[in-house]
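Per the working numbering, residue 166 is the first one in the sequence shown, and the count goes up by one each step.
Here is the structure we will look at, set down as structure tokens.
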Amino acid sequence: MRKYKKTTVGIALLLVLFLASYLYPLYGPMDFNKRILVSDEEGNVLGRAPFPPSIEHIMGTDRNGQDMHLLMLYGAKYTLVTALVVALLRVLFGGVMGVFLSLYAPYLKKYFKDFFVIFRYIPTIFLGIVLMLPVHGSFESPMSSVVTYQILMLVFLGFPSVTIFASEITDELVRTSFVKSSYLMGASRFHIIRRHLMPYFRSYGVLFTFQQLLSALQITMHLGIFSFFLGGQTIGGTFGYEEPPKAASLTNEWAGLIGQNFHDFMRAPWMIFAPILGFFVVILIVNMMRKELEEQMNGTLVQKKKKKEANISSPIQPEKHLFEFVKKEQQPHGFSEVVGKGSRKTFLNRKGLIWGIVVIFICVVTIYEPGGKAKIPEAASANKKSASTKPVVSTSPLAQETSTPVKQEPHAVGEEIKLTDSTLTVTRVDKSKGTPEEKPKAGNEFYIITVELKNTGKEKVRFAPHFFNVVDSKGNMYMQPFLMIDIDTTLSSGELDPGTSVTGTLAYELPISGQFQLEYVPYQQVNGPIINLQ
């Protein structure tokens, strides 16, 4: 295996990543260290998810407060296994079909190429979208049937190219002298395949498996951007609720993490860059292994080695008219040592830098322990025993940055709140027991909150009901459900022109006994004003 150093190291790294992902349920939190709000010792909200990368969350969190590092670690097994299975099936079925066309049905080869020639002119991602439509958009489909169909379609996308490649390789081998001699001596086709072609197929099969592995990773990443997730979909969106519901990956595979967070790229780009970085590292590892195998098969490494040995064994003899010779005592001290060290450094910079980055990434993803258990400042040590019921005190840079200016003091109903380019006023808060057609659950009641937004700036201001959230004294957040009680006055979505205003209502179903605050988070901002609803 010394001839395949890169391949050995690459397989070891991918195996470590797979095992860390496969064994995640045994050691990792299944809520992925979910943290929606960051509060101080007094329960004042300092920030809300998504949080940027920090010491506690090395890759940041998503909009639901889940650690992106843990989500990637959990979903790595689905990404790697799916790509590997697709690559193996492509090579297996395509190889068998290519040999069959060359040895048993050569008259069908022309028709096969003519039929699948369209694959060269139509983008693969377009064909993938069309083929994946039957299992797209359904939140109720069984996972096993969805996965089976998706794998078959991914295999089908690469099947023609593998078949044509295997057929061409078989034709070249059949034209060799030793195969022709076997034919003349009466060897059967099966004997030709088993004795003469199979040794070559094993080498080409391994090489082409790596090539198809790269292709499978690429197509799954592209499909994920269009919300075609491996394993199916589940209802996602903000804290699991959004109307209409957004699709989220059921398995948290890397392509799904890209697709489900794609709409939040401007607000939280780390949610996209984290899985893209994972794809980049895995593709880099596989591509290095593929390149090494190609060099070994083409004899490039052997030629380089022989050329290097020849240069060492027969050095060029210098001539006086080409060089100026310096006496030994005039030679700068340590000159040869410096040159030797410099050459070694250049070698390390070329060969070791990329592999060093890859190893560091794999170690960070698999070994790093995220800061889900944040250290509590000394001032809050007395409240440690109630950490299970109160919001966790965060020492992340976001909390420090947010808390530096001024603690957010809650505003009152009827108070006009001045923002950067607009004003917000909660004009009234009504409570209702419901109507005969729509009643709250036992122990709950409806809160109907009337808000007014004014655009005081020079540009348009976006507004929408999901910019508002209700938070209780324990830090629990309540999303706005779809209710009919305020259907005639409910706040709509849109843009406010400069100098205009809009008034509407927000309806929530909340417990009867509780202290609640309304939080307003404007578009592309992390936090905003808080209004007491009592």
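Idealized CB from N, CA, C, for every residue including glycine.
As a quick exercise: from the options, pick the residue whose alpha carbon is nearest that of residue i.
| i | options | result |
| --- | --- | --- |
| I450 | Y239, F375, T416 and H428 | F375 |
| L317 | T247, T590 and K596 | T247 |
| S638 | L656, L683, F216 and V447 | L683 |
| P271 | L378, A185, T328 and K456 | T328 |
| G396 | L379, F321, G421 and K456 | G421 |
| E603 | V667, L589, E674 and T592 | E674 |
| Y685 | L379, T588, S204 and T335 | T588 |
| G370 | L458, G424, K583 and S658 | L458 |
| L584 | N620, G424 and K274 | N620 |
| G664 | I652, H631 and L618 | L618 |
| R432 | L698, A214 and I695 | A214 |
| F179 | L661, F438, L372 and L378 | Note on identity: in this sequence residue 179 is Leu, with Phe being the wrong assignment. Here the closest residue by C-alpha is L378. |
| G679 | N609, M462 and T244 | N609 |
| P646 | P630, M308, V447 and I423 | P630 |
| M237 | V446, D586 and V578 | V446 |
| I294 | K274, L322 and F277 | L322 |
| T416 | L298, L245 and D586 | L245 |
| D653 | P575, I613, L296 and K168 | I613 |
| N697 | A577, V594, M233 and V635 | A577 |
| Y314 | P299, G693 and M642 | P299 |
| I441 | G424, H428 and K456 | G424 |
| F373 | L253, K345 and Y286 | L253 |
| G669 | F681, D651 and P676 | D651 |
| M386 | I334, P325, R367 and I448 | I448 |
| P605 | L338, V635, G579 and L648 | L648 |
| P364 | I334, T173 and K171 | I334 |
| A381 | Q398, F324 and D336 | F324 |
| L338 | G351, F366 and Y276 | F366 |
Check for me: the beta strand (DSSP E) holding residue i runs from which residue to which?
| i | result |
| --- | --- |
| D595 | S587 to S597 |
| E203 | Note on identity: in this sequence residue 203 is Val, with Glu being the wrong assignment. Segment L202 to S204, the beta strand (DSSP E) holding V203. |
| Q414 | In the sequence under discussion, the amino acid at residue 414 is Ser, which differs from the Gln named in the question. That run of the beta strand (DSSP E) goes A412 to S414. |
| Q682 | F681 to Y685 |
Let's see if you can read the secondary structure: which residues bound the alpha helix (DSSP H) around residue i?
| i | result |
| --- | --- |
| L274 | At residue 274 the sequence reads Lys, which differs from the Leu that was named. Where K274 is concerned, the enclosing alpha helix (DSSP H) stretches over K274 to F281. |
| E460 | W435 to N463 |
| Q699 | No alpha helix (DSSP H) holds Q699; DSSP gives it neither H nor E. |
| L235 | M233 to L268 |
| E581 | No alpha helix (DSSP H) contains E581, which is instead part of the beta strand (DSSP E) from E581 to K583. |
| L179 | K170 to Y187 |
| M431 | Unbroken run through M431: none, as it is neither H nor E. |
| F197 | Note, F197: premise wrong, no alpha helix (DSSP H); not H, not E. |
| I329 | M308 to V339 |
| M297 | T289 to M297 |
| A214 | A214 -> no alpha helix (DSSP H), and no H or E assigned at all. |
| I423 | W419 to Q425 |
So, under 8 Å CB-CB, residue i and residue j are touching, yes? Tell me the CB distance rounded to an integer number of Å.
| i | j | result |
| --- | --- | --- |
| H361 | S347 | 6 Å |
| S310 | K242 | With a Cβ gap of about 20 Å, S310 and K242 do not count as contacting. |
| F656 | V616 | A quick correction: the sequence has Leu, not Phe, at residue 656. Contact flag correct, Cβ pair sits at about 7 Å. |
| F430 | I437 | 5 Å |
| L671 | F633 | 6 Å |
| G240 | W419 | 6 Å |
| K701 | L266 | Outside the displayed span of the chain (166 to 699) sits residue 701, for which this structure offers no information. |
| L235 | G193 | 6 Å |
| L319 | V264 | Wrong, their Cβ atoms sit about 22 Å apart, outside the cutoff. |
| M642 | A439 | Actually they are not in contact, since the Cβ atoms of M642 and A439 sit about 24 Å apart, beyond 8 Å. |
| F427 | S414 | Their Cβ separation, rounded to whole angstroms, is 12 Å, which puts F427 and S414 out of contact at 8 Å. |
Is the beta carbon of residue i within less than 7 Å of some heavy atom of the ligand NAP?
| i | result |
| --- | --- |
| S219 | This structure lacks the ligand NAP; in fact it carries no ligand of any kind. |
Check the Cβ-Cβ distances between residue i and every residue of chain B, and say whether any is below 8 Å.
| i | result |
| --- | --- |
| K275 | You won't find chain B in this structure, because it holds only one protein chain. |
Completely contained beta strand (DSSP E) runs for the region 612 to 677, where each covers 3 or more residues:
626 to 628, 633 to 637, 659 to 661 and 666 to 676
Decide if the region 286 to 305 is in contact with the region 226 to 243; the criterion is three or more beta carbon pairs, one per stretch, under 8 Å apart.
no
Specify whether the region 621 to 635 and the region 595 to 605 touch according to this definition: at least 3 beta carbon pairs, one from each stretch, less than 8 Å apart.
no
Would you call the region 249 to 259 and the region 188 to 206 in contact, with 3 or more CB pairs under 8 Å?
no
Does the structure place the region 385 to 393 close enough to the region 452 to 463 that three or more beta carbon pairs sit under 8 Å?
no
At what residue ranges does the region 341 to 407 contain a whole run of the beta strand (DSSP E), taking only runs of 3 or more?
398 to 400
With contact counted as at least three CB pairs below 8 Å, one residue from each stretch, are the region 276 to 287 and the region 352 to 361 in contact?
no
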